[in-house]
Structures are given as C-alpha cells and as structure tokens.
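Engineer:
2 protein chains.
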Amino acid sequence: MPTRRVKLDRIDRRILDDLQENGRMTNVDLARRAGISAPPCLRRVRALEEAGFIRGYHADIAPELLGYELTVFALIGLSSQAKADLQKFEQLVESWPEVRECHMLAGEADFLLKVVAENWDAYKTFVDERLTAAPNVNHVKTMQVLQTTKHRPGVPIDVDAVDEE
Amino acid sequence: MPTRRVKLDRIDRRILDDLQENGRMTNVDLARRAGISAPPCLRRVRALEEAGFIRGYHADIAPELLGYELTVFALIGLSSQAKADLQKFEQLVESWPEVRECHMLAGEADFLLKVVAENWDAYKTFVDERLTAAPNVNHVKTMQVLQTTKHRPGVPIDVDAVDEE
DNA sequence: TTAGAAACCGCAATTATATTGCGCAACTTT
DNA sequence: AAAGTTGCGCAATATAATTGCGGTTTCTAA
Chain A
1 MPTRRVKLDR IDRRILDDLQ ENGRMTNVDL ARRAGISAPP CLRRVRALEE AGFIRGYHAD
61 IAPELLGYEL TVFALIGLSS QAKADLQKFE QLVESWPEVR ECHMLAGEAD FLLKVVAENW
121 DAYKTFVDER LTAAPNVNHV KTMQVLQTTK HRPGVPIDVD AVDEE
Chain B
1 MPTRRVKLDR IDRRILDDLQ ENGRMTNVDL ARRAGISAPP CLRRVRALEE AGFIRGYHAD
61 IAPELLGYEL TVFALIGLSS QAKADLQKFE QLVESWPEVR ECHMLAGEAD FLLKVVAENW
121 DAYKTFVDER LTAAPNVNHV KTMQVLQTTK HRPGVPIDVD AVDEE
C-alpha cells in the first residue's frame with residue numbers, strides 16, 4: 001500500500017491554484033508553471049484527484065445566454081427539523097433541476113437555495129407548484145440577485161504559504 | 001466577418017452539458033458523445049467559448065482539505081445605496097480573498113456574500129477587521145453553512161429540448 | 001551511520017489528442 | 001440554377017498524455 005502525501009507542498013498548491021483558475025489547462029502547461037516535468041506533474045494531479053482535493057472539473061456556463069434571466073437565493077424554513085424530515089426535503093430538492101445549490105444553515109432559516117429560472121414567471125410557478133406544495137415547507141423568503149459582482153471558484157489558495165510539518 | 005450561430009442545436013447543448021459535468025473531458029470523447037467527429041466538435045467548443053456561452057473552466061476544490069472548515073453566507077446592508085458607494089463596496093470585496101462570491105440583491109439586504117474561513121475565529125477577525133471596519137457597512141447578518149446537500153454547476157441544460165427558431 | 005525502503009524526479013518511447021488544411025454536401029440567397 | 005455560406009469528416013501533423021525505468025534524495029530503523 002503506497003503512502004499518501006497528506007501535506008501539500010508548494011508545487012501541489014500551485015497545481016490546485018492553476019486548475020481552479022483554468023480547469024482545462026494542459027498538463028504540459030501545468031508542469032511548466034509548477035516547475036517540474038510533465039510526468040510527475042500528471043502523477044500529482046491524479047493523486048490530488050484520488051485524495052479528494054479535486055472533486056471535479058466544470059465548465060462555467062453563462063446563465064443568461066442559456067435563457068436563464070433570473071437567479072434567486074431563497075431562504076427556506078421547515079415546520080419540522082427532525083432528521084427524517086430534513087432528509088425528505090433534501091431528496092426533493094435533489095430532484096428539482098432549477099435548484100443548483102442547497103445549503104443547510106444554522107439558525108435563522110433551515111436552508112438556503114440557489115435557484116435559476118427563465119424569468120420571474122417560471123420562478124413563481126416553481127415556488128407555487130414545487131416549493132410551497134412540498135410537505136413540511138413552512139416559509140420561503142426570496143432574494144433576487146440583481147447582479148453578481150464577484151464569483152471566484154472554490155477557495156483561496158496561497159501558493160507561497162510556508163510548508164508545514 | 002464570419003456569421004455566428006446564435007441558436008444552439010442539440011449537439012451544442014450536449015457539449016455544454018457534458019463540459020459542465022466534466023470540464024476536462026477530452027474533445028474526442030465530447031465528439032463521440034455528441035455524435036460528430038472530433039474536428040467539428042472542437043470548432044464548436046471554440047465557438048461556444050468565444051460567443052461567451054462558456055465563461056471558463058474550473059477545478060472544484062474541497063475546502064475542508066485545504067483547511068477551510070467554515071463556510072458562511074453573510075447578508076450585508078449598507079448605509080448608502082448610492083451608485084458610487086455600492087461600487088466602492090464591490091471594489092473592497094474584490095480585494096478580500098476569503099469572499100468567494102458577492103451578489104447584489106433586491107430588497108431585504110444589499111449584498112449576499114459567500115465567505116470561506118479556516119475557522120470561526122478567522123471569520124470573526126474577517127468581520128471585525130474588514131467588513132465592519134469598512135465604510136458604509138451598516139449591518140452584517142451571518143448564516144453558517146452546516147452542510148451543503150446539493151451543489152450542481154451552473155444551469156440545467158435540457159439536451160433534448162426542441163430546437164427553436 | 002548506514003543499508004534498505006519509500007517517495008519523487010526526469011528522460012525517452014509510445015499512445016492518444018488536438019489542430020489544420022481541404023474537399024464535399026446541404027441549405028440559402030439571388 | 002449559380003454563387004455564397006455553414007458545417008461535416010478525412011487525412012496529415014503537431015501536441016499532449018502516459019508508461020516504463022533508472023537514478024537521486026530522504027527516511028527509517030537496526
């Protein structure tokens with residue numbers, strides 16, 4: 001059984017940072033920028049994927065061009081917070097394609113949903129026929145996104161951080 | 001000046017859907033799945049990128065493994081909503097690496113921020129020394145994410161939708 | 001400290017992809 | 001129907017991704 005590096009060194013951080021910024025960068029470029037040759041670079045990427053540091057790669061698609069003019073964050077309150085009821089709700093959410101993200105929250109509300117819709121009408125239909133119609137949903141507070149002024153992928157990665165351990 | 005296809009056909013939608021799901025899929029696979037040969041598939045991808053349908057590609061990094069144990073959504077209210085003041089705030093936000101997303105909202109609050117931090121302590125420092133210290137910030141309502149139960153990239157793409165136009 | 005193991009690196013060879021240059025067919029536009 | 005346009009696929013070429021190995025540095029533990 002091969003030992004698995006737990007601590008990331010400067011090179012790993014550089015790779016993660018580059019891939020977070022440009023997920024389709026070639027391994028050759030990745031290697032050049034990281035200062036090592038292609039083979040070990042590829043091996044590192046594979047290792048980072050297998051160790052779970054990299055959960056996947058995704059193209060960032062423009063919602064408006066695909067017909068989604070409206071983005072909304074909705075705070076959801078449930079009537080019951082029993083484990084089974086929460087899971088029931090999560091399951092339901094999973095089946096709704098217009099809901100892109102679902103975060104369980106502490107205090108205030110129970111869930112924060114990010115929803116995309118063609119327009120306000122489609123959103124209203126979603127709320128009326130899906131959300132409100134769902135059992136256990138107590139209240140829905142809608143917050144319309146007027147403009148997203150910053151959206152960086154994932155996490156900040158300090159490439160120059162001092163290696164620990 | 002080359003004409004640019006505006007309407008997406010089934011093949012384009014398939015490509016977008018596949019790349020949204022797996023941003024590092026090879027062009028060969030993309031082509032195979034779309035039912036066309038590699039060259040035209042690559043040309044379509046380039047066209048989709050240039051037309052802005054694809055804004056970029058990003059690796060999805062696991063926050064916890066990078067030391068970010070805490071994710072928070074914060075609702076921010078400003079004292080002044082004058083255009084200049086809003087922009088001032090957005091600029092500030094841009095410079096804070098722990099803020100990954102900033103959405104301007106209608107009603108309720110002025111902005112919704114998604115923030116990642118090593119721990120609660122680091123977040124508190126962020127709020128005290130950056131957010132609250134910033135001019136024009138009136139109030140901050142923090143919502144801690146306990147668990148993200150769904151996070152799909154971007155938008156729903158119905159590959160089988162009927163072509164319009 | 002020192003032999004052996006472990007973790008990594010880079011070179012060189014091989015396989016797979018990405019890219020380009022064209023000619024062809026379908027579809028429009030006069 | 002001639003001419004222009006758009007998009008496809010084949011074939012050739014240029015790049016990239018992978019694999020197999022030998023060599024080096026770093027640990028480990030006797």
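Heads up: the protein sequence lines correspond to chains A and B, in order.
Residue numbers for the first sequence follow the UniProt record's numbering, beginning at 1 and rising by one.
Residue numbers for the second sequence follow the UniProt record's numbering, beginning at 1 and rising by one.
Quick reminder that beta carbons are idealized off the backbone N, C-alpha and C, glycines included.
1. Let me know if GLU129(B) comes out buried or exposed under the rule of 16 or more other beta-carbons within 10 Å of its beta-carbon.
2. Measuring alpha carbon to alpha carbon, tell me which of LEU86(B), GLY23(B) and LYS150(B) ends up nearest ILE76(B).
3. Answer with buried or exposed for ALA133(A), where buried requires no fewer than 16 other C-beta atoms within 10 angstroms of its C-beta.
4. Which whole-angstrom value is the C-beta distance of ARG100(B) and ARG152(A), which I expect to be below 8 angstroms?
5. Near ASN119(A), which residues of its chain fall below 8 angstroms by C-beta distance, leaving aside the five closest residues on each side in sequence?
6. Could you give the DSSP three-state label for THR26(A): helix, strand or coil?
7. Would you say ILE61(B) and GLY52(A) are within 7 angstroms of each other, going by their C-beta atoms?
8. Short check: CB of THR142(A) to CB of ALA59(A), under 7 angstroms?
9. Which bits of chain B does PRO40(A) rub up against, with CB to CB less than 7 angstroms?
10. Between the alpha carbons of GLN20(B) and LEU78(B), how many angstroms are there, rounded?
11. Between ALA38(B), TRP96(B) and LEU105(B), which has its C-alpha nearest PHE126(B)'s C-alpha?
12. I think GLU90(A) touches VAL116(A), with their Cβ atoms under 8 angstroms apart; what is that distance to the nearest whole Å?
13. Taking DSSP's pairing of strands, which residues face PHE56(B) in a bridge?
14. Looking only at DSSP bridge pairs, what is ALA74(A) linked to?
15. Would you tell me roughly how many angstroms separate the C-alpha atoms of ASN138(B) and LEU146(B), rounded to the nearest one?
16. Among the candidates THR149(B), TYR123(B) and LYS150(B), whose CA atom is the shortest distance from the CA of residue 169(B)?
Structural biologist: Taking the coordinates as given:
1. exposed
2. LEU86(B)
3. exposed
4. 5 angstroms
5. GLU69 and LEU70
6. coil
7. no
8. no
9. Within 7 angstroms Cβ-Cβ: nothing; PRO40(A) doesn't reach chain B, min ~18 angstroms.
10. 35 angstroms
11. TRP96(B)
12. That belief does not hold up - the Cβ atoms of GLU90(A) and VAL116(A) are roughly 19 angstroms apart, past 8 angstroms.
13. Residue 56(B) is actually Gly in this sequence, not Phe. DSSP output for GLY56(B) lists ASP60(A) as bridge partner(s).
14. LEU113(A) and THR142(A)
15. 26 angstroms
16. Since the first residue shown for chain B is 1 and the last is 165, residue 169(B) is missing from the structure and cannot be characterised.
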